[in-house]
Ligand SMILES: [Zn+2]
Ligand SMILES: [Zn+2]
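Numbering (this note's numbering), first residue to last: 1 to 292.
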């Protein structure tokens with residue numbers, strides 16, 4: 001590909017220069033470098049075309065790792081003499097698209113799991129860059145030094161908030177699940193998940209108004225779970241709509257010309273207030289009512 005491109009450049013040059021009489025072209029090649037020197041009577045111009053060779057890379061190798069709570073280097077360093085080796089790490093088998101994630105330091109990992117260590121050479125002046133390649137590394141769970149103390153665990157139905165499970169055997173020390181009392185067959189995470197019954201979530205009733213909303217203050221509606229009796233409160237927004245003047249006529253009107261007073265003592269005799277505190281109607285229409 002690269003060679004073809006260079007050849008076409010050379011050909012173009014030859015054709016171009018060929019149109020100038022008295023100009024000659026010499027080309028010499030050494031290694032990856034081709035030198036073209038067109039000459040004429042007035043001077044010499046040298047064009048150097050370099051074919052960058054692919055770098056030779058010694059791949060990093062995965063380390064055998066067990067969780068120890070510390071950061072651990074994931075690979076034994078790779079190497080290249082044709083540039084600089086860069087690394088990046090992902091937890092998905094997908095090369096990072098962000099070039100800034102590549103550094104020259106050896107990637108590390110702490111948690112148990114699978115890591116993908118990507119590496120590529122950034123070539124020096126006579127070498128091209130290599131494509132990113134990957135090494136898969138696993139940090140294994142720490143192996144238990146204890147002898148499992150296995151007990152039978154009865155099946156448990158899930159509750160609103162806690163998961164339930166089918167009957168199984170479980171080690172009282174490390175919480176691992178087993179199929180048998182002898183602990184010959186340990187259940188993996190998938191099998192454990194299959195035997196787990198997810199928490200059901202609360203079943204709320206229609207709710208009861210425990211504190212009615214007024215034109216000034218929000219109210220409270222309380223819902224009760226029909227299964228476990230748990231309750232939750234929901235705020236009822238302040239009342240909206242125009243209030244009748246008769247029902248509020250006993251209120252003092254002293255606040256009608258002022259702003260920023262507490263909602264509790266405010267007058268609403270000829271005004272109504274929406275949820276945002278905007279007052280409609282009355283002599284002070286448009287005045288923003290302050291709620292606590
Ligand atoms: Zn155990
Ligand atoms: Zn419940």
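Every residue gets a Cβ at the ideal spot worked out from N, C-alpha and C, and that includes glycine.
Can you tell me which of the three DSSP states residue 79 falls into?
What you label residue 79 is simply residue 79 of the chain shown in a count that begins at 1. Note: residue 79 maps to strand in three-state DSSP.
For residue 33, collect the residues of the same chain with a Cβ closer than 8 Å to its Cβ; drop the 5 residues on either side in sequence, then sort them by chain order.
By one-based count along the chain shown, residue 33 stands at place 33. Spatial neighbours of residue 33 in its own chain (CB-CB distance under 8 Å, excluding positions within 5 residues in sequence) are listed in chain order as 48, 49, 50 and 51.
Cβ neighbours of residue 166 in the same chain (closer than 6 Å, five flanking residues each side left out)
Counting from 1 along the chain shown, the entry for residue 166 is found at position 166. The answer, listed in chain order, is 155 and 195.
Are the beta-carbon atoms belonging to residue 199 and residue 159 less than 8 Å from one another?
Locating residue 199 in the chain shown gives position 199, where the first residue counts as 1. Locating residue 159 in the chain shown gives position 159, where the first residue counts as 1. For residue 199 and residue 159, yes; Cβs fall inside 8 Å.
Is any heavy atom in ligand 1 found nearer than 7 Å to the beta carbon of residue 176?
Here the question's residue 176 lines up with position 176 in the chain shown. At least one heavy atom of ligand 1 falls within 7 Å of the beta-carbon of residue 176.
State the Cα-Cα distance for the pair residue 181 and residue 169, rounded to the nearest angstrom.
In the chain shown, counting from the first residue as 1, residue 181 sits at position 181. In the chain shown, counting from the first residue as 1, residue 169 sits at position 169. Those two C-alpha atoms are separated by around 6 Å.
Check whether the Cβ of residue 230 sits closer than 7 Å to any heavy atom of ligand 2, and report yes or no.
Within the chain shown, the letter at position 230 stands for residue 230. Checking the Cβ of residue 230 against ligand 2 gives yes.
Where does residue 121 sit, in a helix, a strand or coil, going by DSSP?
The residue labelled residue 121 in the question sits at position 121 within the chain shown. Three-state result, residue 121: strand.
I want to check one thing, is the minimum distance from the CB of residue 89 to the heavy atoms of ligand 2 below 7 Å?
Numbered from its first residue, the chain shown carries residue 89 at position 89. False, no ligand heavy atom lies under 7 Å from that Cβ.
My parser needs the beta strand (DSSP E) runs of 3 or more residues fully inside the stretch 164-190; what are they?
168-171
Is the distance from the Cβ of residue 85 to the Cβ of residue 140 below 8 Å?
As a first step, residue 85 must be located in the chain shown, where it is residue number 85. As a first step, residue 140 must be located in the chain shown, where it is residue number 140. Their beta carbons are not under 8 Å apart, which means residue 85 does not touch residue 140 by this criterion.
By Cβ distance below 6 Å, which residues in the same chain neighbour residue 221 in space, the five residues on each side in sequence not counted?
In the chain shown, the residue the question calls residue 221 occupies position 221. Apart from the 5 residues on each side of it in sequence, residue 221 sits with its Cβ closer than 6 Å to the Cβ of 207, 209, 234 and 236 in its chain, given in chain order.
Taking DSSP's pairing of strands, which residues face residue 225 in a bridge?
Residue numbering aside, residue 225 sits at position 225 when the chain shown is read from its first letter. DSSP, once it has assigned bridges, lists 204 as partnering residue 225.
Is the CB-CB distance between residue 134 and residue 118 below 8 Å?
By 1-based counting over the chain shown, the position of residue 134 is 134. By 1-based counting over the chain shown, the position of residue 118 is 118. In contact: residue 134 and residue 118 (Cβ atoms closer than 8 Å).
With DSSP collapsed to three states, give me the class of residue 140.
Position 140 of the chain shown, counted from the start, is the residue given in the question as residue 140. Three-state DSSP puts residue 140 in a strand.
Leaving aside the five residues before and after residue 77 along the sequence, list all residues of the same chain whose C-beta is less than 7 Å from its C-beta, in chain order.
As a position in the chain shown, residue 77 is number 77, starting the count at 1. Correct list, in chain order: 60 and 106.
Cβ-heavy atom distance, residue 173 to ligand 1, below 7 Å:
The residue labelled residue 173 in the question sits at position 173 within the chain shown. Result yes, Cβ under 7 Å from ligand 1.
At the 8 Å Cβ level, is residue 66 part of the contact set with chain D, yes or no?
Going by chain labels, chain D is absent from the structure shown, which holds only one protein chain.
On the CB-based measure, 16 or more other CB atoms within 10 Å of its CB, does residue 130 come out buried or exposed?
Translated into the one-based positions of the chain shown, residue 130 becomes position 130. It counts as buried.
Pick helix, strand or coil for residue 54, following the three-state DSSP scheme.
For the purposes of this step, residue 54 is taken as residue 54 along the chain shown, with counting starting at 1. Three-state DSSP puts residue 54 in coil, outside helix and strand.
Suppose you measure from the CA of residue 94 to the CA of residue 171; what does that come to, to the nearest Å?
By 1-based counting over the chain shown, the position of residue 94 is 94. By 1-based counting over the chain shown, the position of residue 171 is 171. If I take the Cα positions, the gap works out to 37 Å.
For residue 229, count the other beta carbons within 10 Å of its own beta carbon; 16 or more makes it buried, fewer makes it exposed. Which is it?
The residue given as residue 229 occupies position 229 in the chain shown. So residue 229 ends up on the exposed side.
Looking at residue 63 and residue 108, is the spacing between their C-beta atoms short of 8 Å?
Here residue 108 refers to the residue found at position 108 of the chain shown. Here residue 63 refers to the residue found at position 63 of the chain shown. No, these two residues do not count as a Cβ contact at 8 Å.
Output the distance between the C-alpha atoms of residue 173 and residue 96, rounded to the nearest integer angstrom.
Here residue 173 refers to the residue found at position 173 when the chain shown is read from its first residue. Here residue 96 refers to the residue found at position 96 when the chain shown is read from its first residue. Their Cα atoms are separated by approximately 40 Å.
If you measure from the CB of residue 168, is any heavy atom of ligand 1 nearer than 7 Å?
Taking the first residue of the chain shown as position 1, residue 168 is located at position 168. Result no, Cβ not under 7 Å from ligand 1.
Going by other Cβ atoms of all chains shown within 10 Å of its Cβ, with 16 needed for buried, is residue 267 buried or exposed?
Along the chain shown, one-based indexing puts residue 267 at 267. For residue 267, the pLDDT reaches just 41, beneath the cut-off of 50, and the residue's location in the model is therefore unreliable, although a value from the coordinates is still provided. By the neighbour-count rule (16 or more Cβ atoms within 10 Å), residue 267 is buried.
Just to check, is the beta-carbon of residue 184 closer than 7 Å to a non-hydrogen atom of ligand 1?
Counting from 1 along the chain shown, the entry for residue 184 is found at position 184. No, the beta carbon of residue 184 sits no closer than 7 Å to any heavy atom of ligand 1.
Buried or exposed: residue 146, going by 16 or more other Cβ atoms within 10 Å of its Cβ?
Within the chain shown, residue 146 is the residue found at index 146, counting from 1. With fewer than 16 other Cβ atoms within 10 Å, it is exposed.
Span separating the alpha-carbon of residue 104 from that of residue 120
Position 104 of the chain shown, counting from 1, holds the residue named residue 104. Position 120 of the chain shown, counting from 1, holds the residue named residue 120. So the alpha carbons of these two residues sit roughly 10 Å apart.
Is residue 227 near ligand 2, going by C-beta to nearest heavy atom under 7 Å?
Within the chain shown, residue 227 is the residue found at index 227, counting from 1. Residue 227: yes, Cβ under 7 Å from ligand 2.
Please name the residue in 102, 143 and 83 whose C-alpha comes closest to that of residue 125.
The count along the chain shown starts at 1 and reaches residue 125 at position 125. Nearest C-alpha to residue 125: 83.
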